[in-house]
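Below is one structure, written out as structure tokens; the observations come after it.
2 protein chains.
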Amino acid sequence: MAFKGQAEYSVDSKGRVAIPAQMRKAMSPAANETFTITRGFEDCIFLYPMDRWSSIEDEIEDLNMYDREVRTFVRLIMRWANEVSLDGQGRISIPNPLLDLADLDDSALILGAYDHIEIWDPEQFDGYLNEQPDDYETLAESVMR
Amino acid sequence: MAFKGQAEYSVDSKGRVAIPAQMRKAMSPAANETFTITRGFEDCIFLYPMDRWSSIEDEIEDLNMYDREVRTFVRLIMRWANEVSLDGQGRISIPNPLLDLADLDDSALILGAYDHIEIWDPEQFDGYLNEQPDDYETLAESVMR
DNA sequence: GGATGATTCCCCACATTTCCCCACGCGCCT
DNA sequence: AGGCGCGTGGGGAAATGTGGGGAATCATCC
Chain R
1336 MAFKGQAEYS VDSKGRVAIP AQMRKAMSPA ANETFTITRG FEDCIFLYPM
1386 DRWSSIEDEI EDLNMYDREV RTFVRLIMRW ANEVSLDGQG RISIPNPLLD
1436 LADLDDSALI LGAYDHIEIW DPEQFDGYLN EQPDDYETLA ESVMR
Chain B
1336 MAFKGQAEYS VDSKGRVAIP AQMRKAMSPA ANETFTITRG FEDCIFLYPM
1386 DRWSSIEDEI EDLNMYDREV RTFVRLIMRW ANEVSLDGQG RISIPNPLLD
1436 LADLDDSALI LGAYDHIEIW DPEQFDGYLN EQPDDYETLA ESVMR
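For the record, the sequence lines run as chains R and B. For the first sequence, position 92 matches number 1427 in this note's numbering, and the numbering has no gaps at all. For the second sequence, position 5 matches number 1340 in this note's numbering, and the numbering has no gaps at all.
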């Protein structure tokens, strides 16, 4: 089942953020309540359930490490990656470096994005939406054909 | 069986709206009385029965998430998406963010639209109709050839 | 090597929201 | 005229998000 929906939750003083119950239910039991959290695209945080992440690792496995660009990309993505598990209250704690990267302070926007979950600083996400040149209807036309 | 017909129903204080009985009957049992509700085009709400929605997810699955436009589109559609089920009275409850998006207050227009159901604010729908440059006959000529 | 301090992790408790169930009234069909 | 189906409204119980405290772990300094 895919991740969908959005929520604006608080980031407590310990860097913890709740994952919406509906997204927790969308996780495969194979993921074992565990995510790989890493740097996302466009200054947000990506959260892959463990089972999905392993298929990304397979993609990386197939890359040619003798290519300079590949090496750079692998460094950039793996450097931020961490395993995090849900606590008894359905929260994860976000590593400090990622909190800085995503510019998170006391409030976080949690987005379901099909195969992963995204965590944004709310203002950052507003800014991202505003810089998009095309509206929803136009994007749909060009992407879903 | 396709969704057809229209109805203007009330939205109660809890954000619940009844789905017309004739549309409920048009649902496949495979949908399990469950919809995926999401942002529609032109500021309305789309309601896909679960079985139909899964084929949309299949389309999304095939998209390349490393493409910027794709990411934006997936964020825009999945962010508003939610699973909702009919309660014992044949109603669904609409998530607050979608109520705002569609500008719904106390009354909603339910439209059958072949493979999905649409929910509009009545005034919003009037405005939409008035903006259309072409009349019914002209549209038919250009679309149905 | 041991003690101290900080950090992380896990558990418990509260308040709010959400969900599910029950009840009413109107209209249509029999 | 009665019954059944349908849309509308409200109340109670369970689930969900939020905050804090204490124990275990790790690193640091003496």
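Ideal Cβ positions, reconstructed from N, Cα and C, are used throughout, including at glycine. These numbers come from a predicted model, not from an experiment.
Contact set for Arg1426/B: own chain, Cβ-Cβ below 8 Å, skip 5 residues either direction: Arg1351, Val1352, Ala1353 and Ile1354
What are the boundary residues of the beta strand (DSSP E) that Val1352/R is part of? Arg1351 to Ala1353
Nearest chain R C-beta to Leu1411/B closer than 8 Å, yes or no? yes
Out of Ser1477/R, Ala1337/R and Glu1466/R, which has the shortest C-alpha to C-alpha gap to Phe1408/B? Ser1477/R
Name, please, each residue of chain R whose Cβ falls closer than 7 Å to the Cβ of Asn1367/B. Chain R residues near Asn1367/B: none, gap ~13 Å exceeds 7 Å.
Whole-number beta carbon distance between Asp1386/R and Ser1363/R, since they are thought to touch under 8 Å: 5 Å
Grab me the residues of Pro1463/B's own chain with a C-beta within less than 7 Å of its C-beta, minus the 5 sequence neighbours each way, in chain order. Note that residue 1463/B is Tyr in the sequence shown, not Pro. Same-chain partners within the cutoff: Glu1377.
Just checking: is the beta-carbon of Arg1351/B within a distance shorter than 8 Å of some beta-carbon in chain R? no
Roughly how far, in whole angstroms, is the beta-carbon of Ile1429/B from the beta-carbon of Met1358/B, given that I think they are within contact range, below 8 Å? With 8 Å as the limit, Ile1429/B and Met1358/B do not qualify as a contact, their Cβ atoms being about 15 Å apart.
Among the residues of its own chain, which have a CB less than 7 Å from the CB of Trp1388/B, if the five just before and after it don't count? Thr1371
Neighbouring residues, chain R, relative to Val1405/B (Cβ below 7 Å): Val1478
Where in the region 1446-1480 of chain B do unbroken runs of the beta strand (DSSP E), each at least 3 residues long, occur, reported from the N-terminal end onward? 1451-1455
Quick one: residues in its chain with C-beta nearer than 7 Å to the C-beta of Ile1395/B, no 5 flanking neighbours on either side, listed in chain order? Val1409
What does the alpha-carbon distance come out to for the pair Leu1436/R and Ala1448/B? 44 Å
Taking the continuous beta strand (DSSP E) assigned at Gln1357/B, which residues delimit it? Run containing Gln1357/B: none in the beta strand (DSSP E); it sits in the alpha helix (DSSP H), Ala1356 to Lys1360.
Other residues of its chain near Ser1345/B: CB distance less than 7 Å, five sequence neighbours each side excluded: Asp1441 and Ser1442
Assuming Asn1431/B is part of the alpha helix (DSSP H), what are its boundary residues? Asn1431 to Leu1436
Where DSSP assigns a beta bridge to Tyr1344/B, which residues make up the other side? Ala1443/B
Three-state class that DSSP yields for Leu1421/B in the structure shown: coil
With a threshold of 8 Å between beta carbons, is Asn1417/B in contact with chain R? yes
Contact set for Val1405/B: own chain, Cβ-Cβ below 7 Å, skip 5 residues either direction: Leu1398 and Asn1399
Please list the partners that Ala1475/R has in chain B, where partner means a Cβ-to-Cβ separation under 9 Å. Phe1376, Phe1408, Leu1411 and Ile1412
Measuring CA to CA, which of Asp1456/R, Ala1356/R, Arg1480/R and Asn1367/R is closest to Gln1424/R? Ala1356/R
Can you check whether the CB of Leu1411/B is closer than 8 Å to the CB of Tyr1471/R? yes
Run through DSSP, which three-state label would Arg1374/B get? strand
Leu1398/B: contacting residues in chain R (beta-carbon distance under 8 Å): Val1478
Nearest CA to the CA of Asp1347/R: which residue from Leu1434/R, Pro1468/R and Leu1474/R? Leu1434/R
Within its chain, find whatever has a CB closer than 7 Å to the CB of Asn1367/R; leave out the 5 residues flanking it on each side and keep chain order. Met1385
Name, in chain order, the residues that DSSP records as bridge partners for Tyr1383/B. Thr1371/B
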